[in-house]
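Chemist: The sequence shown begins at 1269 in my numbering and counts up one residue at a time. The structure is given below, and queries will be raised subsequently.
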Amino acid sequence: MTTAITDLYPTRGAAETAVPRQDPVVWSPPGTPGPIAPSALQSYERDGFLAIEELITPNEVAVHRAELERLVSDPAIRADERSIVEPKTQDVRSVFEVHRISEIFEALVRDERLVGRARQILGSDVYVHQSRINVKPGFGASGFYWHSDFETWHAEDGLPRMRTVSVSIALTENFDTNGGLMIMPGSHRTFLGCAGETPKDNYKKSLQMQDAGTPSDEALTAFAQRHSIRLFTGKAGSATWFDCNAMHGSGDNITPYPRSNVFIVYNSVENAAQEPFAAPVPRPSFIGARDFTPVR
Ligand code: 6CS
Ligand code: FE
């Protein structure tokens, strides 16, 4: 007899819904040793994000920036299905599964400054659910509309619980003008189920411009009034850790200054992907991993 998997976070039905989060934000017990200080962990729990002024050094930024430039200018990478191009300019927008393509990014994923923080937040061993470099070149790169990553990772990749954390490391300076990450503090405590079924092969469009899984103007207005909006700026090497269910987005970049980052998603090995909760088939493994080997 197959046990029906209860869906705690229904989404992509006929109407938009909102339910309270039913998962902890920080999964490790208070006092668990780790690289994040207790006060910082408390603010992560409260806000759903944690900004770090320097996660990697300027020298390390230079190495990773050079690697990003090498990858995005390699015709083989550009032709790879794991590369997504900008709809307008056809410039490379993102390269997925970058920790499997590049030894430099593979080493970064295993760096204790990253994986140690992820284990502390998620309270277990972790594996990489997704990694990507985002180039966000100047002169017109388009942003990402408001969304909760978990809404997509639950609906299309089959992650059952909110036990997933992302880190975005700036590889160029994030000014308040070049399309920086915006997060609504505290929004991670409410799950917004979006209206509208997942189209077939949705990822082929959603990674350029997300449609399914985006909230209504009314819901976003209520969220913004309740939570406000925080814009993240910082030098190259700074990083933002944020909870999988934080409502976030970023604007277009029409300045001459690129806003490049490396984005790594750690998922608890206790929260491995199952069947999609609201999509006909899972997305390809380069977007939602199906190899749950813990990061060592
Ligand atoms: O669909 C996804 O998995 C990706 N899309 C966005 C806009 N953020 C999370 C993730 O990289
Ligand atoms: Fe996102």
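We treat Cβ as the ideally placed atom computed from N, Cα and C, and that holds for glycine. None of these values were measured; they are calculated from a predicted model.
1) Out of curiosity, what's the CA-to-CA distance linking Ser1351 and Leu1336?
2) Below 7 Å between beta carbons: does that hold for Ala1507 and Ile1401?
3) Please report the Cβ distance between Asn1442 and Thr1523, rounded to the nearest whole angstrom; I am assuming they are in contact, meaning their Cβ atoms lie under 8 Å.
4) Output the distance between the C-alpha atoms of Gly1281 and Asp1425, rounded to the nearest integer angstrom.
5) How about Phe1364 and Phe1554: are their beta carbons less than 7 Å apart?
6) Considering only heavy atoms of the ligand 6CS, list every residue whose Cβ is less than 5 Å from one of them, following chain order.
7) Just how far apart, CA to CA, sit Pro1327 and Arg1381?
8) Taking its Cβ as the centre, do 16 or more other Cβ atoms sit within 10 Å of Ile1369, making it buried, or is it exposed?
9) Can you give the beta carbon distance from Phe1500 to Leu1439, rounded, assuming they're within the 8 Å contact cut?
10) What residue does the beta strand (DSSP E) around Ala1438 start on, and which one ends it?
11) Roughly how far, in whole angstroms, is the beta-carbon of Ile1497 from the beta-carbon of Met1452, given that I think they are within contact range, below 8 Å?
12) With distance defined between alpha-carbon atoms, name the residue in Tyr1534, Gly1556 and Ala1540 nearest to Arg1385.
13) Between the stretch 1504-1519 and the stretch 1306-1316, do three or more beta carbon pairs fall short of 8 Å?
14) Just list the alpha helix (DSSP H) runs in the stretch 1370-1421, keeping only unbroken ones of 4 residues or longer that don't cross its boundaries, in chain order.
15) Around the C-beta of Gly1502, are 16 or more other C-beta atoms found within 10 angstroms, so that it is buried, or is it exposed?
16) Identify the residues that DSSP records as bridge partners of Pro1288: which are they?
17) So is Arg1338 buried or exposed if we call it buried at 16+ other beta carbons inside 10 Å?
18) Can you tell me whether Tyr1534 is helix, strand or coil according to DSSP?
19) Among Val1537, Gln1476 and Pro1550, which has the Cα closest to the Cα of Arg1387?
20) So, is the C-beta of Ala1490 closer than 7 Å to a C-beta in chain D?
21) Reducing DSSP to helix, strand and coil, say where Asn1327 ends up.
22) Where Cys1462 and Ser1474 are concerned, what is the direct C-alpha to C-alpha distance, given to the nearest angstrom?
23) Can you give me the C-alpha to C-alpha distance between Tyr1277 and Leu1488, rounded to a whole angstrom?
24) Taking contact to mean 3 or more Cβ pairs, one atom from each stretch, closer than 8 Å, check whether the stretch 1517-1532 and the stretch 1543-1550 are in contact.
25) Please go through the stretch 1487-1523 and give each complete beta strand (DSSP E) segment of 3 or more residues, from N-terminal end onward.
26) Beta carbon of Val1360, beta carbon of Ile1389: below 7 Å?
Modeler: Checking against the coordinates, here is how it stands:
1) Numbered from its first residue, the sequence shown carries residue 1351 at position 83. Numbered from its first residue, the sequence shown carries residue 1336 at position 68. Rounded to the nearest angstrom, the two C-alpha atoms are 12 Å apart.
2) One-based indexing of the sequence shown puts residue 1507 at position 239. One-based indexing of the sequence shown puts residue 1401 at position 133. Against a cut-off of 7 Å, the Cβ pair of Ile1401 and Ala1507 comes out as no contact.
3) As a first step, residue 1442 is located in the sequence shown; it is residue number 174 there, counting from the start. As a first step, residue 1523 is located in the sequence shown; it is residue number 255 there, counting from the start. Not a contact, Cβ separation roughly 11 Å.
4) Position 13 of the sequence shown holds residue 1281. Position 157 of the sequence shown holds residue 1425. Gly1281 and Asp1425 have their alpha carbons spaced roughly 17 Å apart.
5) As a first step, residue 1364 must be located in the sequence shown, where it is residue number 96. As a first step, residue 1554 must be located in the sequence shown, where it is residue number 286. With a cutoff of 7 Å on beta-carbon distance, Phe1364 and Phe1554 are scored as near each other.
6) Spelled out in chain order, the answer is Phe1412, Asp1417 and Thr1420.
7) Indexing the sequence shown from 1 puts residue 1327 at position 59. Indexing the sequence shown from 1 puts residue 1381 at position 113. Reading off the sequence shown, one finds Asn at residue 1327, where the question assumed Pro. So the two alpha carbons sit approximately 16 Å from each other.
8) Here residue 1369 is taken as the residue at index 101 of the sequence shown, counted from 1. Flag for Ile1369 reads buried.
9) In the sequence shown, counting from the first residue as 1, residue 1500 sits at position 232. In the sequence shown, counting from the first residue as 1, residue 1439 sits at position 171. In this structure Phe1500 does not touch Leu1439 by the C-beta definition: roughly 14 Å separates them, more than the 8 Å allowed.
10) Taking the sequence shown and counting its residues from 1, one reaches residue 1438 at position 170. Ala1438 -> beta strand (DSSP E) spans Thr1432 to Ala1438.
11) Here residue 1497 refers to the residue found at position 229 when the sequence shown is read from its first residue. Here residue 1452 refers to the residue found at position 184 when the sequence shown is read from its first residue. About 6 Å separates the beta carbon of Ile1497 from that of Met1452, a gap short enough to meet the 8 Å contact definition.
12) As a working note, residue 1385 is residue 117 in the sequence shown. Nearest option by C-alpha distance: Tyr1534.
13) Output reads yes: the stretch 1306-1316 touches the stretch 1504-1519.
14) Counting whole runs of 4 or more residues, the stretch 1370-1421 contains the alpha helix (DSSP H) stretches 1371-1378 and 1380-1390.
15) Here residue 1502 refers to the residue found at position 234 when the sequence shown is read from its first residue. Only buried fits Gly1502, as 16 or more other CB atoms lie within 10 angstroms of its CB.
16) Mapped onto the sequence shown, residue 1288 falls at position 20. As DSSP reads the structure, Pro1288 sits in a beta bridge with Thr1458.
17) The residue you call residue 1338 lines up with position 70 of the sequence shown. When all chains shown are included, Arg1338 counts as exposed.
18) To locate residue 1534, count along the sequence shown from 1; it is residue 266. Reduced to three states, the DSSP call for Tyr1534 is strand.
19) In the sequence shown, residue 1387 corresponds to position 119, counting from 1. For Arg1387, the nearest C-alpha among the options comes from Val1537.
20) The structure shown contains no chain D; it holds only a single protein chain.
21) Here residue 1327 is taken as the residue at index 59 of the sequence shown, counted from 1. Asn1327 sits in a helix when the DSSP states are folded into three classes.
22) Translated into positions along the sequence shown, residue 1462 becomes position 194. Translated into positions along the sequence shown, residue 1474 becomes position 206. Within the model, the alpha-carbon separation for Cys1462 versus Ser1474 is close to 14 Å.
23) Mapped onto the sequence shown, residue 1277 falls at position 9. Mapped onto the sequence shown, residue 1488 falls at position 220. When rounded, the separation of the alpha-carbon atoms in Tyr1277 and Leu1488 is 18 Å.
24) Touching, no, given that fewer than three Cβ pairs across the two stretches are closer than 8 Å.
25) Restricted to the stretch 1487-1523, the beta strand (DSSP E) segments that are unbroken, complete and at least 3 residues in length are 1507-1511 and 1515-1518, listed in chain order.
26) Position 92 of the sequence shown, counted from the first residue, corresponds to residue 1360. Position 121 of the sequence shown, counted from the first residue, corresponds to residue 1389. Not closer than 7 Å, so no.
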